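So the sequence shown is numbered by the numbering used here: it starts at 2 and just counts up by one.
Note sheet for the following structure.
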Amino acid sequence: MLLRFLILFFFHLNLFFVVAQHNELETALEKFKNNANLFSAHIGVQLIDSDGETKLLSYQDDKLFIPASVTKLWTTAMATRTLKPKYKFKTVVGYCGELDTSNHTLKGDLYFLMNGDPSLESRFIEQSFLNDLRQILIKRKIKVIEGSIKIIPADDNYHTCSQWLWSDLGNYYGAGYSTSTFMDNMVELYFNTNFSIGDTCKILNVIPNSATFLLTNEVTVGNQNRDLSFAFGVPLQGERVIKGKLPKRNSPYKVKVSMHDPKDFLNESIKELMTLLNIRELNNSFTLNALTDTLMVYHSPELSELVRIVNFESNNNYAEHLMVECSKEYTDFLHIDTAATFMESYWSQSFLNEVYFSDGSGLSRKNLVTPQAMNGLLVHIMKDFYPNEKECILGSLPVSGISGTLKYIGKKTAIEGNFIGKSGSMGGVRCYTGYLKKNEEYYPLTVMVNHFLVSDAKVRRAIENLMEEIYLAL
Numbered sequence: 002m003l004l005r006f007l008i009l010f011f012f013h014l015n016l017f018f019v020v021a022q023h024n025e026l027e028t029a030l031e032k033f034k035n036n037a038n039l040f041s042a043h044i045g046v047q048l049i050d051s052d053g054e055t056k057l058l059s060y061q062d063d064k065l066f067i068p069a070s071v072t073k074l075w076t077t078a079m080a081t082r083t084l085k086p087k088y089k090f091k092t093v094v095g096y097c098g099e100l101d102t103s104n105h106t107l108k109g110d111l112y113f114l115m116n117g118d119p120s121l122e123s124r125f126i127e128q129s130f131l132n133d134l135r136q137i138l139i140k141r142k143i144k145v146i147e148g149s150i151k152i153i154p155a156d157d158n159y160h161t162c163s164q165w166l167w168s169d170l171g172n173y174y175g176a177g178y179s180t181s182t183f184m185d186n187m188v189e190l191y192f193n194t195n196f197s198i199g200d201t202c203k204i205l206n207v208i209p210n211s212a213t214f215l216l217t218n219e220v221t222v223g224n225q226n227r228d229l230s231f232a233f234g235v236p237l238q239g240e241r242v243i244k245g246k247l248p249k250r251n252s253p254y255k256v257k258v259s260m261h262d263p264k265d266f267l268n269e270s271i272k273e274l275m276t277l278l279n280i281r282e283l284n285n286s287f288t289l290n291a292l293t294d295t296l297m298v299y300h301s302p303e304l305s306e307l308v309r310i311v312n313f314e315s316n317n318n319y320a321e322h323l324m325v326e327c328s329k330e331y332t333d334f335l336h337i338d339t340a341a342t343f344m345e346s347y348w349s350q351s352f353l354n355e356v357y358f359s360d361g362s363g364l365s366r367k368n369l370v371t372p373q374a375m376n377g378l379l380v381h382i383m384k385d386f387y388p389n390e391k392e393c394i395l396g397s398l399p400v401s402g403i404s405g406t407l408k409y410i411g412k413k414t415a416i417e418g419n420f421i422g423k424s425g426s427m428g429g430v431r432c433y434t435g436y437l438k439k440n441e442e443y444y445p446l447t448v449m450v451n452h453f454l455v456s457d458a459k460v461r462r463a464i465e466n467l468m469e470e471i472y473l474a475l
């Protein structure tokens, strides 16, 4: 009799806590939905229990939303599964002809076989392709190249997504895909802004530079304390027009724009290295067109590190390169558009009519995802990924209030350090997806807000409050 009583007691006690929790969660959601700052917005929310099966909270979770950068979670999850965490990109440096060691002369051409490594001389990694090249040239004591330096890309094209906005293409986050990608396909411009309001700023330095890269500077000194400059230009168009305003500063102000052609910048950087090493390039003609020998094989960091950079830094360029790399065996034409079609097909097997992709980074407004699918991906990662794959993804995600793109969400609140995930934002779009961590359990949570008319800060604050109230109710 006592055992039966205790069973009934704990059953009703548990039921009481479940009902109370449900009421708290629903109250938090209603408060969020009724926030005056979101009156015009398209809102989607879904929270799943740590079992990955029980839906604790939902609102319009089957509707399609513009995901912005949370798209990167789909890209990196696909790359982790198909390429595997230890995958490395490979760039080969070799020659055709004969290497005359006695005369320190290469009687032929120096070849660079490019294969779409997004990290080649990237600002986000410590290892250096150019430094490794320098060491091998010194070791082999080459002083004369009778032929030419030839950069041979796997695909001699440089392109962006056909659905990206014109206003994005000239800026660093709109840099495209190339098998000859170099230094993140990004150029840093350093401006002197120490002039009167309205005066034209002066470009002091361009890093890296290329003779084929032309700049038209229309940037003036503004009275606001932030970067309001922007660049216009597309792949293979040599000119970048820089417009807008920069704040008045005593020190140089850095602005980042996209390269017009990474292969040009790579070529000039290699030739600068040759000059520093006193290596002469004679540009004589040779008929050989196949590699005679290999001087160096340069490997990128492991995929797990590239995935970390994509999600932690919200790096668009790395994301597009990983997506294209995944599609190589399945598409005849290396392009962001065709790779996005492949990614959509890949994920539609599990999320039919819930995911539509135009790119791998989320820069396109044509991407569409449901909150239900986002949480489905989070559950898939936890349940179906091998341990090293799961570690690759979870280790790449920023932590709320502490790191990466989540550094300022939930700071000094209950969710500081207790949410790992991905954020996504652009004009009128603010999304979060990831795991709330409580009592050693992981609760998949996705909040997506589109088409709001107030400042991004107000929407972020509303989402932050919702996440905190959900966490406290768990």
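The beta-carbon is built from N, C-alpha and C at its ideal position, and this holds for glycine as well.
Computed from a predicted structure; not experimentally measured.
In its own chain, which residues sit with a C-beta less than 7 Å from the C-beta of residue i, not counting the 5 before and 5 after it?
{"i": "THR332", "result": "THR339, ALA340, PHE343"}
{"i": "ILE44", "result": "LYS34, TYR60, GLN61, VAL450"}
{"i": "ASN251", "result": "ASN195"}
{"i": "PHE17", "result": "Summary for PHE17: the model assigns pLDDT 48, below 50, so the residue's position carries little reliability, and this model does not support an answer."}
{"i": "VAL380", "result": "ILE49, GLY53, PRO445"}
{"i": "GLY363", "result": "PRO68, ALA69, SER70, VAL71, THR72, LYS73, GLY425"}
If you measure between the beta carbons of residue i and residue j, is that distance less than 8 Å?
{"i": "MET297", "j": "LEU134", "result": "yes"}
{"i": "THR83", "j": "CYS327", "result": "yes"}
{"i": "GLU99", "j": "GLY109", "result": "yes"}
{"i": "ILE471", "j": "VAL450", "result": "no"}
{"i": "LYS459", "j": "ASN38", "result": "yes"}
{"i": "PRO154", "j": "LYS264", "result": "yes"}
{"i": "LEU473", "j": "TYR444", "result": "no"}
{"i": "TYR1", "j": "LEU205", "result": "Summary: the structure shown does not reach residue 1, with the chain confined to residues 2 through 475, and so no result is reported for it."}
{"i": "LEU58", "j": "VAL370", "result": "no"}
{"i": "TYR174", "j": "ASN317", "result": "yes"}
{"i": "TYR88", "j": "GLU321", "result": "no"}
{"i": "ASP308", "j": "THR161", "result": "In the sequence on display, residue 308 carries Val and not Asp. Their beta carbons are not under 8 Å apart, which means VAL308 does not touch THR161 by this criterion."}
{"i": "SER305", "j": "CYS393", "result": "yes"}
{"i": "THR217", "j": "GLY199", "result": "no"}
{"i": "GLY402", "j": "LYS412", "result": "yes"}
{"i": "LEU454", "j": "SER129", "result": "no"}
{"i": "LEU107", "j": "ILE137", "result": "no"}
{"i": "ARG73", "j": "ASN389", "result": "The amino acid occupying residue 73 in the given sequence is Lys; Arg does not appear at that position. No, these two residues do not count as a Cβ contact at 8 Å."}
{"i": "GLY148", "j": "ASN285", "result": "yes"}
For residue i, which of helix, strand or coil comes out of DSSP?
{"i": "VAL450", "result": "strand"}
{"i": "ASN354", "result": "coil"}
{"i": "GLN61", "result": "coil"}
{"i": "ASP118", "result": "coil"}
{"i": "THR92", "result": "strand"}
{"i": "HIS43", "result": "strand"}
{"i": "ALA415", "result": "coil"}
{"i": "MET383", "result": "helix"}
{"i": "GLU441", "result": "coil"}
{"i": "GLU31", "result": "helix"}
{"i": "ALA374", "result": "helix"}
{"i": "PRO248", "result": "strand"}
{"i": "PHE17", "result": "Bear in mind that the predicted position of PHE17 carries a pLDDT of just 48, short of 50, making it too unreliable to give a figure here."}
{"i": "SER259", "result": "strand"}
{"i": "VAL145", "result": "strand"}
{"i": "THR434", "result": "strand"}
{"i": "ILE152", "result": "strand"}
When the Cα atoms are used, what is the spatial distance from residue i to residue j?
{"i": "ALA29", "j": "VAL46", "result": "11 Å"}
{"i": "VAL71", "j": "CYS432", "result": "7 Å"}
{"i": "ALA69", "j": "LEU398", "result": "16 Å"}
{"i": "VAL212", "j": "ARG281", "result": "The residue you asked about is not Val; residue 212 is Ala in the sequence shown. Answer to the nearest angstrom: the Cα atoms are 20 Å apart."}
{"i": "MET184", "j": "SER103", "result": "35 Å"}
{"i": "MET187", "j": "THR180", "result": "15 Å"}
{"i": "ILE150", "j": "SER197", "result": "47 Å"}
{"i": "GLU31", "j": "ILE310", "result": "36 Å"}
{"i": "ASN419", "j": "GLY435", "result": "10 Å"}
{"i": "MET383", "j": "LYS391", "result": "7 Å"}
{"i": "LEU289", "j": "CYS97", "result": "6 Å"}
{"i": "ASN210", "j": "LYS439", "result": "50 Å"}
{"i": "LEU114", "j": "ILE410", "result": "43 Å"}
{"i": "ARG241", "j": "TRP348", "result": "37 Å"}
{"i": "GLU314", "j": "THR77", "result": "13 Å"}
Among the residues of its own chain, which have a CB less than 8 Å from the CB of residue i, if the five just before and after it don't count?
{"i": "THR295", "result": "VAL93, VAL94, GLY95"}
{"i": "TYR357", "result": "LEU65, GLU345, LYS367, ASN368, LEU369, VAL370"}
{"i": "LEU229", "result": "GLY223, GLY245, LYS246, LEU247"}
{"i": "PHE231", "result": "SER168, GLY171, ASN172, ILE243, LYS244, GLY245"}
{"i": "GLN225", "result": "LYS246, PRO248"}
Apart from the five residues on each side of it in sequence, which residues of its chain come closer than 6 Å, Cβ to Cβ, to residue i?
{"i": "GLU189", "result": "ILE208, LYS255, LYS257"}
{"i": "GLU442", "result": "SER51"}
Do we get a CB-CB distance below 8 Å when we pair residue i with the residues of chain D?
{"i": "ASP294", "result": "Judged by its chain identifiers, the structure shown contains no chain D, having just a single protein chain."}
- Which full runs of the beta strand (DSSP E) of 3+ residues lie inside the region 161-221, going along the chain? 187-193, 203-208, 215-218
- Jot down the residue ranges of each uninterrupted beta strand (DSSP E) in the region 274-351, minimum 3 residues, whole runs only, in chain order. 294-300
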